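Each position in the sequence shown, counted from 1, maps to that position plus 9 in the working numbering.
See structure below.
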Amino acid sequence: MKKIIFITLILCTALSCDVLDVEPQNSISAEEAFNTKEDIDKGILGAYASFQSLSYYGRTFGIFSDLAADNLSHPVDATATAYAEVDNNSILPENGSVDGIWSIAYDGINVANNVIDKVPTITDMTEQEKNEALSELYFIRALNHFNLLNYFGGVPIKVAPTVGVNNLDAPRNTEEEVYNQIINDLIFAVEHLPVSSTKIRASNAAAKALLAKVYLYKKEYPLAILMASEVISDGGYTLPDNYRDVFEDDESDESIFEISFSELERNRIAEYNFPTSLNGRREVEPSQDLLDAYEANDERFEASIAFEGDKAYAIKYDDLSLGTGNFIVLRLADMYLIRAEAEASLQAPNVSSVQSDINEIRVRANLQPTSESSITQLLRIIEDERRIEFAFEGQRWFDLVRTDRAITVLPNVNSTNQMLFPIPTDEIQTNNSPGMVQNPGY
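Following this line, the structure appears as structure tokens:
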């Protein structure tokens with residue numbers, strides 16, 4: 010059951026491959042579009058709508074992180090050449106699917122910025138309501154910037170709306186600058202978003218959970234521990250006893266934030282995973298390396314993978330006919346493993362705390378708890394647990410890149426130049442800022 014229908018704003022501009030979108034001539038002005046509190050809420054829903062795109066959580070974004078790593082492979086008889094490039098870690102700047110990720114993330118940022126710009130002008134909103142609206146929009150903007158950062162490195166930071174043909178060219182910012190913008194947006198969100206049971210819109214816990222992830226990626230380990238601990242202790246989320254229940258229905262007890270899909274706004278994740286004999290396209294399949302990585306009796310295997318004959322396929326998102334299953338972006342298991350990794354990365358880690366958090370995940374999966382005391386080995390265990398726990402959820406590539414493990418683990422990656430995806434060719438050609446340069450190696 011869906012609680013909301015995302016409404017794409019009429020001012021939301023047609024997609025282009027440039028950083029910013031140009032307002033169509035027949036669209037209404039932002040001044041006309043935003044006059045009331047209700048208009049702002051519709052605008053917020055419009056900002057969420059970009060996440061539903063097939064280039065984003067509707068298909069490509071999550072698949073590519075597992076495909077670039079070692080969880081998914083591109084079958085030899087599959088047809089999507091853009092996917093083959095990602096599987097081989099030999100991506101051309103002209104890759105249309107990579108272009109789609111870039112474009113739709115900036116589309117979401119631009120919609121959010123348009124609404125942010127109008128919130129202070131709305132007269133029927135209290136200061137608290139304005140801060141809550143801004144916090145939700147800042148969360149959306151932060152998640153988009155974070156996702157771009159993880160695929161492309163330092164990218165243009167956009168915090169002002171683009172309307173018409175102004176402000177189209179933008180230089181790349183450094184990774185540090187992008188991180189700082191993300192953190193600033195999320196700190197404001199944590200301060201002003203209410204505690205809420207919603208899973209399909211930003212909440213106080215969702216902002217803390219994303220901030221915990223950002224701090225882990227940035228290697229600010231004490232802050233990652235703090236944020237993850239607050240979500241674990243105060244968020245009201247629980248790990249279902251049965252791992253399968255996390256994905257059986259939308260908005261499970263473990264889910265913190267997820268992208269809503271419906272028959273009108275469907276995803277095509279199952280279509281690209283399922284075999285052709287079941288009416289799927291089978292553009293990707295679980296790698297043999299992943300199949301071999303599961304321990305005996307791990308309940309996550311049957312909840313994640315099925316077989317048609319001898320062919321394995323991913324089933325976490327299995328609504329092939331309607332594509333209505335929500336995509337989980339943040340969940341409680343991630344908070345335990347974030348806290349475990351951050352604790353293990355401290356100069357004087359608490360080994361028992363690291364073990365305890367890992368074992369929350371292992372015991373739920375019907376595996377024996379670890380008694381390993383070596384920090385080096387515990388970090389490898391965390392890496393392995395993250396691989397299995399979040400298989401087909403779009404985290405594996407980012408985990409290997411941020412820990413500098415991609416070259417060691419992945420046979421098709423032998424250069425640091427392959428750690429980032431290429432900036433799309435159309436962006437390089439149309440963005441006239443001298444600061445818009447291609448990633449090395451492309």
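Beta carbons are placed, not taken as given, at the ideal position from N, Cα and C, and that holds for glycine.
Since this is a predicted model, take the numbers as computed values, not measurements.
- For the options N44, D48, S62, D50, the alpha carbon positioned closest to that of F270 is the one of S62.
- Between the alpha carbons of G109 and R68 lies a gap of roughly 11 Å.
- A residue is called buried once 16 or more other Cβ atoms fall within 10 Å of its Cβ, and A114 is buried on that count.
- Your pair Y66 and F336 checks out as a contact, with CB atoms roughly 4 Å apart and the cut at 8 Å.
- For R340, the enclosing beta strand (DSSP E) starts and ends at 336-340.
- Leaving aside the five residues that flank A315 on each side, the residues in its chain whose CB is nearer than 7 Å to its CB run, in chain order, Y322, I324.
- When S261, P170, I390 are compared, the shortest CA-CA separation from Y303 is found for I390.
- When the beta-carbon positions are compared, N123 and P165 stay at least 7 Å from each other.
- With respect to L232, Y226 sits apart: the two C-beta atoms are not nearer than 7 Å.
- Within its own chain, the residues whose Cβ lies closer than 6 Å to the Cβ of S205, once the five positions on either side in sequence are excluded, are S212, listed in chain order.
- Taking a cut-off of 8 Å for Cβ pairs, the stretch 349-356 and the stretch 280-288 do not touch, as fewer than three such pairs fall below it.
- A Cβ-Cβ distance of about 13 Å is found for the pair R253 and A342, leaving them out of contact under the 8 Å criterion.
- For the pair D262 and P249, the CB atoms are nearer than the 7 Å cut-off.
- Non-local beta-carbon contacts of I118 in its own chain, meaning distances under 6 Å to residues more than five positions away in sequence, involve R150, N153, K167 in chain order.
- Per DSSP, the beta bridge partners of F266 are L339.
- In the three-state scheme derived from DSSP, where H, G and I count as helix and E and B as strand, L158 is classed as helix.
- Here the alpha carbon of L287 sits roughly 25 Å from the alpha carbon of I397.
- CA-CA distance, V372 to T135, rounds to 47 Å.
- Counting C-beta pairs closer than 8 Å gives fewer than three between the stretch 434-444 and the stretch 81-94, which falls short of the contact rule.
- Buried is the label assigned to Q364, since at least 16 other Cβ atoms lie within 10 Å of its Cβ.
- A Cβ-Cβ contact shorter than 7 Å links Y345 with I370.
- By the beta-carbon neighbour count (other beta carbons within 10 angstroms, threshold 16), V422 is buried.
- No Cβ-Cβ contact shorter than 7 Å links S64 with R405.
- When DSSP states are grouped into helix, strand and coil, E292 belongs to the coil group.
- Short of 8 Å from the beta carbon of L158, and not among the five residues preceding or following it, lie these beta carbons of its own chain, in chain order: V164, E184, V187, Y188, I191.
- Per DSSP, K320 is one residue of the beta strand (DSSP E) stretching across 320-323.
- Rounded to whole angstroms, the gap between the alpha carbons of L146 and D435 is 27 Å.
- Just so you know, the alpha carbons of E200 and G244 end up roughly 15 Å apart.
- In terms of Cβ geometry, T285 and R277 do not form a close pair [threshold 7 Å].
- The criterion of a C-beta distance shorter than 7 Å is satisfied by I268 and F60.
- Judged by beta-carbon spacing, L419 lies within the 7 Å limit of D79, meaning their Cβ atoms are closer than that value.
- In the structure shown, the three-state DSSP call for I125 is helix.
- Excluding five sequence positions before and after G289, the CB atoms of its chain that fall closer than 8 Å to its own CB belong to A279, E280, Y281, N282, F283, Y322, L329, given in chain order.
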